[in-house]
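Just so you know, the protein sequences line up as chains A and B, in that order. For the first sequence, my numbering gives the first residue as 1286, with consecutive numbering after it. For the second sequence, my numbering gives the first residue as 1286, with consecutive numbering after it. Worksheet: the structure to be examined is printed underneath.
2 protein chains.
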Amino acid sequence: MDTTRIHALTCLLGLVCSVWTGDDFSAPTPNIIIMLMDDMGWGDLGVFGQPSKETPNLDRMAAEGMLFPNFYTANPLCSPSRASLLTGRLPVRNGFYTTNAHARNAYTPQEVVGGIPQEEILLPEMLKKKGYISKIVGKWHLGHRPGHLPLENGFDEWFGAPNCHFGPYNGITTPNIPVYNNSEMVGRYYEDFQIDRKTGESNLTQLYLQEGLGFIFTQALAHRPFFLYWAPDATHAPVYASKNFLGKSQRGRYGDAVMELDYSVGQILDWLNLLGIAKNTFVFFTSDNGAALMSGIMGGSNGPFLCGKETTFEGGMREPAIAWWPGHIPAGTVSRQLGSVMDLFTTSIALAGLVAPDDRVLDGLDLRPVLFNNSVIDRPIFYYRGNEMMAVRVGPYKAHYWTWSNSWEEFNKGINFCPGEEVAGITTHTQEEHTLQPLIFHLGRDPGEKYPIR
Amino acid sequence: MDTTRIHALTCLLGLVCSVWTGDDFSAPTPNIIIMLMDDMGWGDLGVFGQPSKETPNLDRMAAEGMLFPNFYTANPLCSPSRASLLTGRLPVRNGFYTTNAHARNAYTPQEVVGGIPQEEILLPEMLKKKGYISKIVGKWHLGHRPGHLPLENGFDEWFGAPNCHFGPYNGITTPNIPVYNNSEMVGRYYEDFQIDRKTGESNLTQLYLQEGLGFIFTQALAHRPFFLYWAPDATHAPVYASKNFLGKSQRGRYGDAVMELDYSVGQILDWLNLLGIAKNTFVFFTSDNGAALMSGIMGGSNGPFLCGKETTFEGGMREPAIAWWPGHIPAGTVSRQLGSVMDLFTTSIALAGLVAPDDRVLDGLDLRPVLFNNSVIDRPIFYYRGNEMMAVRVGPYKAHYWTWSNSWEEFNKGINFCPGEEVAGITTHTQEEHTLQPLIFHLGRDPGEKYPIR
């Protein structure tokens, strides 16, 4: 669907909705929207210093909400990060780690038969107890085989794919990644859902936007509390954008994708306002891991932070993050809180009036005091790579117990997680142990991790 | 003067001024305030992505004005940069270059007897023709000997020093840097104007703020158009802040200095509003060169850009820049213009209704179409180091004709202009010539200058 049609739809529905009062849509518990980007870096937002300033809608979201400059993922790779967000638990607890190689990040490619363990409780399973209806739009990445799919793990609806849009594959030894509408496979990337590898054109973000807007509209009409997990993947390589956005940014295709995602975020927020449910909807925007610097200019930006995706340096795990809830979260605030994607689980169930499960360890915090009063809760941040805790942040201090970028073998093939950034003894290509005498940085004075203080 | 006293003074004068109407202070030509920071980097402002978010007043200035993410100095060192700002001409035209070593930046330490040549026309000399009164507050740096001082070059008033606050010196072989009130030396740094090298405490920024506020007040009362060149140097090493700001930032002393400067900018803008002259005052904020990365965590941040002060990489020459003029410059806009400190000369004389001198080449642009209509004027940016044009930017493309960070001799002593940033073949320690086949980068896609496209 092109943007003209979206505008037309928006206007039409606006007319319909304006007949009702906003209060008609209010619910006892807030709707929850988590917008999770794919490989988008901290430095990709205007409000976080991207020189191209491609994100007027996200910048506005920050101006109307709370910005988190110190927000982290739980693992610098997609699958474990997403598992942690939905379970509120570290990958070493929810099963998304490997023991078959030291500090190797786990994820679920097509070849892997495993996925999110059945005994894990996912956010939509919790929210169901309070009558929420939940939908995932976009990338799942917690397992593609029966038992591991979204509708078997608490989601009521799904439009998207179990994996990244890698490909195109030849369909003989490796099939293209399937696309699902709920439990039905409706096609495959490259075959039925086009991504032009040459031009970078694809209308997938528009599809995902429509799926999100439609779901919100239906639930608002039905006065039903909802959870929308909006997880588009346009900024994951191979990056794509629809025709209207291609060539529009100063950054090439990656920036075009950012502009389309930013536009979509703006459309969703406008939609909430139009439907009169903005004051009853908690929205959180973040990303699954740092920008994929190994992709060169086809990857995003981690701003002033060191290295990127796959690493436990700040560039690998510090994420762009904005909370938005007009009338509840004070506008234009900056939080000093060290936050984590795992907090989204704990905070969401608290907002829904639920009690956290007491039969397991949760690593997420309830951020309500932060969101409503700009309090700061003391808590550490753990930087895991696979099954190894590589580093810990406490206050402004970060201690590295292990340092590693990638192996010499990979590096010598041209795969570089830290291009143009070499900090001697830090961005090592062998796994260096510092458990007896950790390398310590002050991240306030030295966000780029260049000057160890011991 | 402590901040309580400033607040008290502000309130008192607010009462006095509120008796008059704002229109009483309007003048046929706008007042001009250029705020020039010392060694502050692009990435030091919240609005440009500093994670510590220490600049709420500058961020507000951007929200009320126009942000320039592509604004440049004319040389990555203080003296030539300042000479270019005040003359609208490249250092190779205004005399601030050397021929005694290839690509060596010129500046005026105490040992140098030269300074700004008499035949150069400085901005205050031009503005005088339209009845402006001009004051420089802070660092001059265009020569400390008779003939080269501010009052001999068009300024009517001066409070500050001819050089940086280096020292303390022993007073036998090298005297401490003098501080002037107009043509009178009123003392010396460290002797009469304290800077505690150990604690970082100094009230100099507060003095400079008071001098600025007082000058504005006097001219507003007299209904006289004014030019204030406000050039504090707290972010130049050794960085300092007053007691109320020390320890307040997350970044240590450097961040404390930024917070005090940001506070001061806020006070000046509030002052203009209070006096009712905001709508008749053009304010521009920028810095003289990139952050001094050789100072490590005592230096600032160049955000995603490569290297820093003294170099012709983006980190050395791209500057934070904000234009503010309520009612004239549209609020909350981002300009795509490639701007230069030299444009401040040309734009200021145009705003004052003056015609540019026609007996010499001017390198500055008249930015009025940019400021008022957000137009983009096609123009190149030249990156000089001393007398050598090292690089040129045209649109998004930057061609390096010479690459050099610093010499092996300096580097081996531990002086590093690009700490943690080594781009093979780019951040060279020998002067590498590429005039026959320049190294070209696309700064939109690759602002960090990591991936030459040829």
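Ideal Cβ placement from N, Cα and C applies to all residues, glycine included. If you're wondering where the values come from, they're calculated on a predicted model, not measured in any experiment.
Alpha carbon to alpha carbon, how far is residue i from residue j?
i: Y1465 (chain B); j: L1554 (chain A); result: 56 angstroms
i: P1737 (chain B); j: F1598 (chain B); result: 13 angstroms
i: P1510 (chain A); j: N1316 (chain A); result: 5 angstroms
i: P1376 (chain A); j: R1653 (chain B); result: 55 angstroms
i: E1673 (chain B); j: E1486 (chain A); result: 43 angstroms
i: L1591 (chain A); j: P1704 (chain A); result: 10 angstroms
i: Q1395 (chain A); j: L1531 (chain A); result: 29 angstroms
i: P1460 (chain B); j: H1426 (chain B); result: 16 angstroms
i: P1354 (chain B); j: W1609 (chain B); result: 15 angstroms
i: Q1535 (chain A); j: P1589 (chain B); result: 15 angstroms
i: G1581 (chain A); j: G1416 (chain A); result: 45 angstroms
i: K1528 (chain B); j: A1446 (chain B); result: 22 angstroms
i: V1332 (chain B); j: L1343 (chain B); result: 8 angstroms
i: W1693 (chain A); j: G1537 (chain B); result: 36 angstroms
i: G1399 (chain A); j: E1339 (chain A); result: 38 angstroms
i: F1726 (chain A); j: V1679 (chain A); result: 11 angstroms
i: P1605 (chain A); j: S1625 (chain A); result: 11 angstroms
i: E1442 (chain B); j: S1468 (chain B); result: 8 angstroms
i: Q1403 (chain B); j: P1336 (chain A); result: 39 angstroms
i: T1503 (chain A); j: D1329 (chain A); result: 32 angstroms
i: I1607 (chain A); j: L1639 (chain B); result: 47 angstroms
i: A1542 (chain A); j: T1358 (chain B); result: 32 angstroms
i: L1560 (chain A); j: G1551 (chain A); result: 14 angstroms
Check the DSSP bridge columns for residue i and list the partner residues they point to.
i: R1473 (chain B); result: B:P1463
i: M1322 (chain A); result: A:S1572
i: F1667 (chain B); result: B:V1677
i: E1442 (chain A); result: A:K1420
i: A1526 (chain A); result: A:E1486
i: F1451 (chain B); result: Beta-bridge pairing links F1451 (chain B) to no other residue.
i: N1672 (chain B); result: Paired residue(s): none; N1672 (chain B) is not in a bridge.
i: I1317 (chain A); result: A:F1512 and A:F1567
Could you give the DSSP three-state label for residue i: helix, strand or coil?
i: I1501 (chain B); result: helix
i: W1327 (chain B); result: helix
i: A1347 (chain A); result: helix
i: N1342 (chain B); result: helix
i: R1367 (chain A); result: helix
i: A1359 (chain A); result: coil
i: A1386 (chain B); result: coil
i: F1512 (chain A); result: strand
i: F1657 (chain B); result: helix
i: N1379 (chain A); result: helix
i: F1353 (chain B); result: coil
i: F1333 (chain A); result: helix
i: R1739 (chain B); result: coil
Contact set between the region 1526–1539 of chain B and chain A, restricted to residues whose Cβ is under 7 angstroms from the partner: From the region 1526–1539 of chain B, only Q1535, R1536 and G1537 have a Cβ closer than 7 angstroms to chain A.
Quick one, which residues of the region 1711–1730 of chain B are near chain A if we go by CB-CB under 9 angstroms, in chain order? I1711, T1712, H1727, L1728, G1729 and R1730: these are the residues of the region 1711–1730 of chain B whose beta carbon lies less than 9 angstroms from some beta carbon of chain A, given in chain order.
Tell me which residues of the region 1334–1345 of chain A have at least one Cβ-Cβ distance to chain B shorter than 8 angstroms, keeping chain order. Answer set for the region 1334–1345 of chain A: G1334, Q1335, P1336, S1337 and K1338.
What are the uninterrupted segments assigned as beta strand (DSSP E) that are 3 or more residues long and contained completely in the region 1538–1593 of chain A, given in chain order? Counting only runs of 3 or more, we get 1566–1572.
Complete alpha helix (DSSP H) runs within the region 1584–1647 of chain B (minimum length 4 residues, chain order): For the region 1584–1647 of chain B, whole alpha helix (DSSP H) runs of length 4 or above, ordered along the chain, are 1599–1602 and 1627–1636.
At 3 residues or longer, and completely inside the region 1711–1737 of chain A: list those beta strand (DSSP E) runs for me, N to C. Qualifying beta strand (DSSP E) stretches, in chain order: 1724–1727.
Using a Cβ-Cβ cut-off of less than 9 angstroms, list which residues of the region 1582–1594 of chain B approach chain A; keep chain order. Result list: I1582, M1583, S1586, N1587, G1588, P1589, F1590 and L1591.
Residues from the region 1562–1575 of chain B in contact with chain A, defined by Cβ distance under 8 angstroms: Under the 8 angstroms Cβ criterion, the region 1562–1575 of chain B contributes no residue.
Could you name each continuous beta strand (DSSP E) segment of 3 residues or more that falls completely within the region 1683–1709 of chain B, going from the start of the chain to the end? None, since the region 1683–1709 of chain B contains no complete beta strand (DSSP E) of that length.
May I ask you to list, following chain order, the residues of the region 1697–1710 of chain B that have a beta carbon less than 9 angstroms from some beta carbon of chain A? The residues in question are P1704, G1705, E1706, E1707, V1708 and A1709.
By the 7 angstroms beta-carbon criterion, what residues does the region 1608–1633 of chain B contribute toward chain A? Listed in sequence order: V1619.
Quick one: which residues of the region 1472–1500 of chain A get their C-beta closer than 9 angstroms to a C-beta of chain B? List them in chain order. Along the region 1472–1500 of chain A, none of the residues has a CB nearer than 9 angstroms to a CB of chain B.
Cβ-based contacts, 7 angstroms cut-off: residues of the region 1317–1333 of chain B near chain A: Under the 7 angstroms Cβ criterion, the region 1317–1333 of chain B contributes G1328 and F1333.
Between the region 1655–1687 of chain A and chain B, which residues of the former have CB atoms less than 7 angstroms from a CB of the latter, in chain order? For the region 1655–1687 of chain A, which is checked against every Cβ of chain B, the residues closer than 7 angstroms are P1681.
Of the residues that make up the region 1353–1373 of chain A, which ones have a beta carbon closer than 8 angstroms to any beta carbon in chain B? Against chain B - using a Cβ distance shorter than 8 angstroms - the residues of the region 1353–1373 of chain A are P1354 and N1355.
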